[in-house]
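Residue numbers (my numbering): 25 to 715. C-beta: ideal position from N, C-alpha, C; glycine also. Treat the numbers as computed from the prediction; the structure is a model and nothing was measured. The structure appears right after this line, and notes come after that.
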């Protein structure tokens, strides 16, 4: 019989921790929560001060019974669920189910699953933190009151399977507001004049700046022609050379949201995938006989950028040995975001000595890529700033001034290991200029005016939406991935070219929630509610008081919606086509993923077709069909012939109606980081990228 029983959430963690603790400890897994609110009913007694009704989760009976049997045999029970609100609540439910005294030293927390961290944590057990428990209960009850009250109304008034929630409704609002911005956007014309110059054997680029020291905007072709007329030939004189030294600091180690954002930018991972892989790295990977199963990263649900002193010391030693003393950081401790709870450290490797290359043969491809991202970001965060030399050169021809900007990395610092990604897709490559002095003469090889149009704000990618929600104070690190999943599963949004686009159904639901439950989609109200919920965790207010303040007003909106919300019938629209199978008229129907074509004779005829969108280009393969947009099984957009399967033409890049001027083959739009480039599929013909 083991003297001590330790309960964690995951079987993978249980094996690792048991090996670290030794024979006197038996480690078992609860496999997440063992009790929760019932799925089939509200589970919150509004009349009895919002008392939650907890039941054993279906299927968890045998697990709970096994834990009870083990607890009876043990001298002491330790509850070692994850070190956050959710983990504290799991420990509290277990304590209640197993008759463990919550005021005893029964709770053990650790930020990483390594031998030293585990052994140290068991030296400092503590009682359960009921403020953390109450904070989790408050969020759970609040979300239940919102979701289980609004959703049935939407089922009755629109259709079954719909939902609304605190965070998901605001996320949907952001996506729809952005779509409306795009629809209202009126492009404005502007021009630039780009020039290629020659100095000695080197060439460089410069842009029209203005006249003398006044920067000028070019809004139409007449203004461009006026500038070109002022120029006298292609000889330019260097009138000013400005050199500056600039420091660039590394980004801090990852929080949950910054990890999700960077994994989306650099690895093309969805938020859910990032968290799933991070969970595996945290819980432990078998590194072979020498080390066994070891947690490779610290806990991945955090909004803190704090790093422990031990980790900083280890990183400093590694950087000194690997790169040299000059690469060591001398910065002070990182400033924490005011909204950060700082419950535990940033996401970092548990040992800097486990380099990505040393684990490449052990980890799967995706685990390796994510671990490498986390390891490099942490090491870079502890390194010296990069030093860049920047140069701005003014080139004059008559009254006209062109300006060339260049930069060169003088000292790479942290950039030797890692450079943070960007949603704006900036180019971090050096732009070197030849050495120039005031009075030097240079020749313009080519001067080219270019017409541009202002672009609407971009649709939200997963990374950009997570960043926006975090900046607004909506939700918490653990909520982002499930929130993005939910609004897609409900059919409120779709992902097109990795950007969120609201569906007709999503727009309908948003308008109803906005009209009848304005607080639920009010960004300021929701952000304030997050602060109120955090105040429970800090022991400043009783959780039921926060719930009551919300529910009193919310209940009025519920009664108003029940009485006044009209039933919405989403009518089928005729398509003008007949069904190929039975001859009945085809109609447009609204499904989870938007509109589709279906036979009006349903359910006797179940023929359906996707709606295809012509792009106005003839098929280059058969020369009879039209090119249409299609979607693969993974929802990726591609282009094919509408005569399929007779013609099997396919292109991932969008064809355009023009032919290549060099070889008369098809031209396509290729999406690059800098914008869209038109290029030939057969030869090397390319046009300059358009933003």
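A residue is called buried once 16 or more other Cβ atoms fall within 10 Å of its Cβ, and residue 104 is buried on that count. Secondary structure of residue 437 (DSSP, three-state): helix. 465 is the residue among 175, 465, 623 whose C-alpha sits nearest the C-alpha of residue 221. The C-beta of residue 606 has fewer than 16 other C-beta atoms within 10 Å across all chains shown, which makes the residue exposed.
Under the three-pair Cβ rule at 8 Å, the stretch 276-294 counts as touching the stretch 396-412. Counting C-beta pairs closer than 8 Å gives three or more between the stretch 408-421 and the stretch 270-278, which meets the contact rule. Per the coordinates, the alpha-carbon of residue 463 lies some 16 Å from the alpha-carbon of residue 423.
Residue 656 sits exposed, since fewer than 16 C-beta atoms from the chains shown fall within 10 Å of its C-beta.
Separation of the CB atoms of residue 78 and residue 28 is rounded to 27 Å, and the pair is thereby denied contact status at 8 Å.
According to the DSSP assignment, residue 475 belongs to the beta strand (DSSP E) that extends over 465-477. For residue 277, the three-state secondary structure derived from DSSP is coil. For residue 126, the closest of 597, 586, 153 by C-alpha to C-alpha distance is 153. In its own chain, leaving out the 5 sequence neighbours on each side, no residue places its CB closer than 8 Å to the CB of residue 253.
Taking the C-beta atoms as reference points, residue 417 is found nearer than 8 Å to residue 460. Here residue 233 has 239, 240, 418, 425, 426, 427 as same chain residues with Cβ atoms under 8 Å from its own Cβ, once five neighbours each way along the sequence are excluded. The C-alpha of residue 275 is placed about 41 Å away from the C-alpha of residue 128.
Shown here, residue 306 sits in a helix according to DSSP, grouped into three states. Distances from the CA of residue 476 to each of 631, 563, 49, 248 were compared; the closest alpha carbon is that of 248.
Judged by their CB atoms, residue 52 and residue 88 are not nearer to each other than the 8 Å cut-off.
In terms of Cβ geometry, residue 671 and residue 706 do not form a close pair [threshold 8 Å]. Shown here, residue 405 sits in a helix according to DSSP, grouped into three states. Residue 249: member of the alpha helix (DSSP H) spanning 245-254, first to last residue.
If you ignore the 5 residues before and after residue 149, its C-beta comes within less than 8 Å of the C-beta of 102, 129, 130, 131, 132, all in its own chain and listed in chain order.
With a contact defined as Cβ atoms closer than 8 Å, residue 397 and residue 291 qualify at about 7 Å. If you look at residue 521, you'll find it isn't in any alpha helix (DSSP H); DSSP assigns it neither H nor E.
Note that the C-beta distance between residue 503 and residue 516 is not below 8 Å. Contact between the stretch 588-602 and the stretch 558-572 is absent, with fewer than three C-beta pairs closer than 8 Å.
Nearest to residue 579 by alpha-carbon distance, out of 544, 492, 608, is 544. Between the alpha carbons of residue 184 and residue 584 lies a distance of about 20 Å. Residue 351 carries a helical assignment under DSSP once its states are collapsed to helix, strand and coil. Within the same chain, Cβ atoms closer than 8 Å to the Cβ of residue 312 are found at 386, the five residues on either side in sequence being excluded.
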